[in-house]
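J.:
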Amino acid sequence: MFKAMKLKVKKNKVLLIALILLIIFSLNFFQENVKGFFYSISSPIQVWFWQTGDSIADFFSIIPKALVLEKENEKLNMQNLELLAEINSLKEIKEENFFLRDALMVGLEKDFRMEVAGIISKDIGQDSIIINKGSKDGLSKDMPVISGQKAVIGRIEEVYDNRSRILLISNKNSFFEAKISETETAGLLKGNGDGKALLDLLPKNENIKQGDLIVSSALSGLFPSGLLVGWVEEVEKGDADLFQKAKVSLFSRINNLEQVFIILDF
Amino acid sequence: MFKKIIILIPVFYLLAVLHASFFAHFGIFGSIFNLIGLLVILINVFIPEAYFGIISAIIGGFFWDIFSANFLGYHVLILLLIAIFIQLIIKKYVRASFI
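For the protein sequence lines, the chains are G and E, in the order given. Under the numbering used here, the first residue of the first sequence carries the number 118, and numbering increases by one thereafter. Under the numbering used here, the first residue of the second sequence carries the number 761, and numbering increases by one thereafter.
1) What does Ala-174/G touch in chain E if you count any residue whose Cβ is under 7 Å from its own?
2) So is Gln-376/G in contact with chain E if we call contact Cβ pairs under 7 Å?
3) Can you give me the start and stop residues for the beta strand (DSSP E) that Asp-259/G sits inside?
4) Among Val-269/G, Leu-284/G and Ile-297/G, which residue has its Cα nearest to the Cα of Ile-248/G?
5) Using the rule of at least 16 other Cβ atoms within 10 Å of the residue's Cβ for burial, across every protein chain shown, is Lys-260/G buried or exposed?
6) Can you tell which of His-835/E, Leu-775/E, Tyr-853/E and Ala-817/E has the C-alpha that lies nearest to the C-alpha of Ile-134/G?
7) Figure out for me which residue from Val-131/G, Ile-270/G, Ile-263/G and Glu-274/G has the closest Cα to the Cα of Ser-252/G.
8) Which first and last residues belong to the alpha helix (DSSP H) in which Ser-816/E is found?
9) Are the Cβ atoms of Gln-327/G and Val-349/G separated by less than 7 Å?
10) Give me the chain E residues within the contact set of Phe-166/G, using Cβ-Cβ distance strictly less than 7 Å, ordered along the chain.
11) Compute the beta-carbon to beta-carbon distance between Lys-267/G and Leu-344/G, rounded to the nearest angstrom, for a pair I have assumed lies under 8 Å.
12) Classify Lys-364/G as helix, strand or coil using the three-state DSSP reduction.
13) On the criterion of 16 or more Cβ atoms from any shown chain inside 10 Å, does Glu-294/G qualify as buried, or is it exposed?
14) Mark Lys-852/E as exposed unless 16 or more other C-beta atoms lie within 10 angstroms of its C-beta, in which case mark it buried.
15) Distance, Cα to Cα, Ala-202/G vs Leu-186/G?
16) Tell me the residue span of the beta strand (DSSP E) that contains Ala-295/G.
17) Counting only C-beta atoms, is Phe-831/E closer than 7 Å to chain G at any point?
18) Below 8 Å, how does it come out for the stretch 761 to 777 of chain E and the stretch 155 to 168 of chain G: are there three or more Cβ pairs, yes or no?
19) Please determine, among Val-854/E, Leu-839/E and Ile-849/E, the residue with the shortest C-alpha to C-alpha distance to Phe-822/E.
20) Tell me which same chain residues have a C-beta within less than 6 Å of the C-beta of Ile-815/E, skipping the five on either side of it?
21) Looking at chain E, is there any beta carbon in it that lies within less than 7 Å of the beta carbon of Leu-184/G?
22) Mind pulling the chain G residues with CB within less than 8 Å of Ile-818/E?
23) Beta-carbon of Ala-220/G versus every beta-carbon of chain E: anything under 7 Å?
24) Would DSSP call Asn-324/G helix, strand or coil?
25) Roughly how many angstroms lie between the CA atoms of Phe-176/G and Gly-170/G, to the nearest whole one?
26) What whole-angstrom Cβ distance do Asn-145/G and Gly-833/E have, given they're in contact under 8 Å?
27) Report yes or no: do the stretch 348 to 364 of chain G and the stretch 325 to 339 of chain G share at least 3 C-beta pairs separated by less than 8 Å?
28) Quick one: what's Ile-283/G bridged to in DSSP?
29) Can you tell me whether Leu-132/G is buried or exposed, with buried defined as 16 or more other CB within 10 angstroms of its CB?
30) Please classify Leu-841/E as buried or exposed, where buried requires at least 16 other C-beta atoms within 10 Å of its C-beta.
31) Considering Cα atoms alone, identify which of Leu-306/G, Glu-351/G, Ile-236/G and Lys-321/G is closest to Ser-337/G.
32) With burial defined as no fewer than 16 other Cβ atoms inside 10 Å of the residue's Cβ, what is the status of Phe-772/E: buried or exposed?
33) When the cut-off is 7 Å and only beta carbons count, does Asn-145/G lie next to chain E?
34) I'd like to know whether the C-beta of Asp-240/G is nearer than 7 Å to at least one C-beta of chain E.
35) When burial is assigned at 16 or more other CB atoms within 10 Å of the CB, is Ser-238/G buried or exposed?
36) Which residues bound the beta strand (DSSP E) around Glu-307/G?
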């Protein structure tokens, strides 16, 4: 009798666990509400953890880099001088441009309408981040997300009331059309996971070099044209392949980012 | 056991927030230090109550799912399988010695 009672208790516990699992899976029907609720209550503590983690990670990332910093500093100083000279010449062109626009009675082009949002968490394995703005702030699915330097970060994948999940361009499910800035050669930019990406389907006859600048193309309709994406790190060209592809070093490094811009319309 | 489960809920919630917002900065080769998985494994190895280990896997997995891009139940299932596997191994092959 004792054995039968013990068996009954065990059976009840297994049933209870099965019931809990069933409840958890059924919560997927209200996933937005459930996740939205937890995101909203944990927002202050998440922001604090994110900022603290960011500053600690920044501090530790300096140590291994210390050896190469001197050389890099020298190189950057040189680049800085070149850029200053370029800025100067661009300023002159800009002034000339303003003058010509006035003269031609042409209004300035409208910039993108944008919304600023703060990053509050990151899912490193899934190459996605969560920001502190949602549908209440006018955000909706598939809106492009960029950094302050106009570098493409990703697009909105899920929208909650006060939060949104951004699918980074390094995510394996992300792909859009991008082009090499100099040659206008278009290709398909595919996320490769772990903060990396590939520019695929590039015509084999095009001469693509390491360091070539990659910008977004408006053809896919996902991003406005001309936003910075990255530069070519390595070109892969097989004899048997129909196309060539390039490993891309992305401009958007979310580890150092605290805020992003969402383009509301373009 | 009920008291212990009540304590586990805020502990796992805090670990999930830490996992998503703090440890996300310290990734090594694309993976981050996972305190939720570690705690579930430790509970299942060192606490002899079988159902407590199972319940801890469910709670831990649930909060992990809340802060990840996966559907609810994904990590619950993974942690549950790990917990059941550990308990089977302990039950069949490990004999506790109290001497």
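Note that CB positions come from ideal geometry on N, CA and C, so glycine has one too. This one's a predicted model, so the numbers in the text were calculated from it and none came from an experiment.
T.: Result, derived from the coordinates:
1) His-785 and Phe-786
2) no
3) DSSP places Asp-259/G in no beta strand (DSSP E); its state is neither H nor E.
4) Leu-284/G
5) It should be pointed out that residue 260/G corresponds to Met in this sequence rather than to Lys. Buried, because 16 or more other Cβ atoms sit within 10 Å of the Cβ of Met-260/G.
6) Ala-817/E
7) The candidate whose alpha carbon is nearest that of Ser-252/G is Glu-274/G.
8) 810 to 826
9) yes
10) Val-777, Leu-778, Ser-781 and Phe-782
11) 5 Å
12) strand
13) Residue burial is scored here from C-beta neighbours: Glu-294/G has at least 16 other C-beta atoms within 10 angstroms and is therefore classed as buried.
14) exposed
15) 24 Å
16) 292 to 297
17) yes
18) yes
19) Leu-839/E
20) Excluding its 5 nearest sequence neighbours in each direction, Ile-815/E has C-beta neighbours in its own chain below 6 Å: Ile-765, listed in chain order.
21) no
22) Ile-134, Ile-137, Leu-138 and Ile-141
23) Low confidence applies to Ala-220/G: its pLDDT is 49, below 50, so where it sits in the model is not reliable, and the reading given next is rough at best. Chain E contact via Cβ: absent.
24) coil
25) Their Cα atoms are separated by approximately 10 Å.
26) 7 Å
27) yes
28) Within the DSSP bridge table, the entry for Ile-283/G names Ile-246/G and Ile-273/G as partners.
29) exposed
30) exposed
31) Leu-306/G
32) Buried, by the Cβ-count rule.
33) yes
34) yes
35) buried
36) For the sequence presented, residue 307/G should be read as Lys rather than Glu. 303 to 310 is the extent of the beta strand (DSSP E) around Lys-307/G.
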